[in-house]
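See below for the structure under consideration.
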Amino acid sequence: MERFAAPPVAAAAMRILPVIDVRHGLAVRAVGGRRAHYRPFRSPLSPDADPLTLARRIRERWGTNALYLADLDAVEQGGPAYSQANAALWHALIDDGFRLLLDPGVRGAGDLDAGLTPGDSRVVIASETIESLPALRSCLRDERSVLGCDLRAGEAVGPEGLLDAVRVSDAPVLLLDVAAVGVGQGVPTLPLCRELRAAQPSRAVLTGGGVRSIADVRAAEAAGVSELLVASALYDGRLSAQDLRPYLPPTV
Numbered sequence: 001m002e003r004f005a006a007p008p009v010a011a012a013a014m015r016i017l018p019v020i021d022v023r024h025g026l027a028v029r030a031v032g033g034r035r036a037h038y039r040p041f042r043s044p045l046s047p048d049a050d051p052l053t054l055a056r057r058i059r060e061r062w063g064t065n066a067l068y069l070a071d072l073d074a075v076e077q078g079g080p081a082y083s084q085a086n087a088a089l090w091h092a093l094i095d096d097g098f099r100l101l102l103d104p105g106v107r108g109a110g111d112l113d114a115g116l117t118p119g120d121s122r123v124v125i126a127s128e129t130i131e132s133l134p135a136l137r138s139c140l141r142d143e144r145s146v147l148g149c150d151l152r153a154g155e156a157v158g159p160e161g162l163l164d165a166v167r168v169s170d171a172p173v174l175l176l177d178v179a180a181v182g183v184g185q186g187v188p189t190l191p192l193c194r195e196l197r198a199a200q201p202s203r204a205v206l207t208g209g210g211v212r213s214i215a216d217v218r219a220a221e222a223a224g225v226s227e228l229l230v231a232s233a234l235y236d237g238r239l240s241a242q243d244l245r246p247y248l249p250p251t252v
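Every letter in the sequence shown is one number past the one before it in the numbering used here, and letter 125, counting from 1, is 125.
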């Protein structure tokens, strides 16, 4: 198995976050946002679809404990309160030393106030699931809150006025076009990433979906992306250990 054994390499400004999408308690392979067709994850990296096993294999192979975790049951079924089985997984990952950027399907401030999200993780407040723009604003409370701007084939998914709200906010933002996820046709959100960073150079801008190769990783870095979410290209070997070494946050 390929491991990092070369001399240290200077860290890049951008970081890659390995992605684990969880549905019905299993890690699944996301393709094009067509969730009904997502199938349990299988790869040489991890022979089964257990998310905790996969997370540990990621840490063993690439030396990072930073992950993006999407709870698709919560997203589809009504928020964190409807996904207690997966909530146990979040806490198991945290107890095992993982640092999470978590999308738990937040609907509004009540989900945060009820303690339904792990307080020591960064939480994506995603436009796909949030009830309204006022609810979105009320959930962006501190540096652990990430404004999730969901798109589908370039069209905003969420409350009316979402893109205007994204442009005027100074919160960290995750731009994710679900139609690009898992299809390996390039990262379509980079023009908007570039626009947001040009307007606010110190703002954290995250994105993902569509990464094919190291060329896409470098294009995201050139666009000012702070963190790049990657799944398929990471797990199927299109990104080598040498490619990844400067971009993966080390275990801390």
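The beta-carbon is built from N, C-alpha and C at its ideal position, and this holds for glycine as well. Every value quoted in this text rests on a predicted model; they were computed, and no experiment measured them.
Nonlocal neighbours in the same chain, by C-beta distance under 6 Å from residue i, ignoring five residues either side
{"i": "residue 58", "result": "18"}
{"i": "residue 108", "result": "131, 135"}
{"i": "residue 180", "result": "188, 209, 210"}
Which of helix, strand or coil DSSP assigns to residue i
{"i": "residue 235", "result": "helix"}
{"i": "residue 243", "result": "helix"}
{"i": "residue 130", "result": "coil"}
{"i": "residue 217", "result": "helix"}
{"i": "residue 251", "result": "coil"}
{"i": "residue 92", "result": "helix"}
{"i": "residue 145", "result": "strand"}
{"i": "residue 163", "result": "helix"}
{"i": "residue 178", "result": "helix"}
{"i": "residue 42", "result": "coil"}
{"i": "residue 123", "result": "strand"}
{"i": "residue 140", "result": "coil"}
{"i": "residue 66", "result": "strand"}
{"i": "residue 27", "result": "strand"}
{"i": "residue 13", "result": "coil"}
{"i": "residue 191", "result": "helix"}
{"i": "residue 19", "result": "strand"}
{"i": "residue 152", "result": "strand"}
{"i": "residue 61", "result": "helix"}
{"i": "residue 113", "result": "helix"}
{"i": "residue 75", "result": "helix"}
Between the CA atoms of residue j and residue i - distance to the nearest angstrom
{"i": "residue 153", "j": "residue 210", "result": "12 Å"}
{"i": "residue 100", "j": "residue 45", "result": "20 Å"}
{"i": "residue 256", "j": "residue 161", "result": "The requested residue 256 does not occur in the structure, where the chain is confined to residues 1 to 252."}
{"i": "residue 159", "j": "residue 177", "result": "16 Å"}
{"i": "residue 63", "j": "residue 111", "result": "33 Å"}
{"i": "residue 200", "j": "residue 170", "result": "8 Å"}
{"i": "residue 14", "j": "residue 125", "result": "22 Å"}
{"i": "residue 129", "j": "residue 75", "result": "6 Å"}
{"i": "residue 66", "j": "residue 164", "result": "30 Å"}
{"i": "residue 222", "j": "residue 250", "result": "22 Å"}
{"i": "residue 198", "j": "residue 167", "result": "11 Å"}
{"i": "residue 105", "j": "residue 72", "result": "8 Å"}
{"i": "residue 259", "j": "residue 247", "result": "Nothing in the structure corresponds to residue 259, since the chain is present only between 1 and 252."}
{"i": "residue 23", "j": "residue 140", "result": "26 Å"}
{"i": "residue 21", "j": "residue 56", "result": "15 Å"}
{"i": "residue 68", "j": "residue 60", "result": "17 Å"}
{"i": "residue 16", "j": "residue 157", "result": "24 Å"}
{"i": "residue 148", "j": "residue 29", "result": "20 Å"}
{"i": "residue 155", "j": "residue 218", "result": "25 Å"}
When the options are compared against residue i, the one with the closest alpha-carbon
{"i": "residue 185", "options": "120, 173, 139, 232", "result": "232"}
{"i": "residue 264", "options": "194, 138, 139, 151", "result": "Lying before the first or after the last residue shown, residue 264 is absent from the chain, which here runs from 1 to 252."}
{"i": "residue 50", "options": "25, 190, 61", "result": "25"}
{"i": "residue 150", "options": "138, 142, 192, 215", "result": "192"}
{"i": "residue 267", "options": "243, 235, 244, 245", "result": "Outside the shown range of the chain (1 to 252) lies residue 267, about which nothing can therefore be said."}
{"i": "residue 142", "options": "87, 155, 123", "result": "123"}
{"i": "residue 53", "options": "27, 190, 133, 87", "result": "27"}
{"i": "residue 86", "options": "39, 70, 96", "result": "70"}
Below-7 Å beta-carbon distance, residue i vs any chain C residue
{"i": "residue 31", "result": "As a matter of chain content, chain C is missing from the structure shown, which is built from one protein chain."}
Close-in-space but distant-in-sequence residues of the same chain around residue i (CB under 8 Å, 5 per side omitted)
{"i": "residue 91", "result": "118"}
{"i": "residue 121", "result": "90, 94, 99, 100, 101, 102, 144"}
{"i": "residue 216", "result": "186, 187, 210, 233"}
Open item on the list: Does the structure place the segment 196-208 close enough to the segment 225-238 that three or more beta carbon pairs sit under 8 Å?
Closed with: Yes, the segment 225-238 is in contact with the segment 196-208.
Open item on the list: Below 8 Å, how does it come out for the segment 210-222 and the segment 234-242: are there three or more Cβ pairs, yes or no?
Closed with: When C-beta atoms of the segment 210-222 are compared with those of the segment 234-242, three or more pairs fall below 8 Å, so the two segments count as touching.
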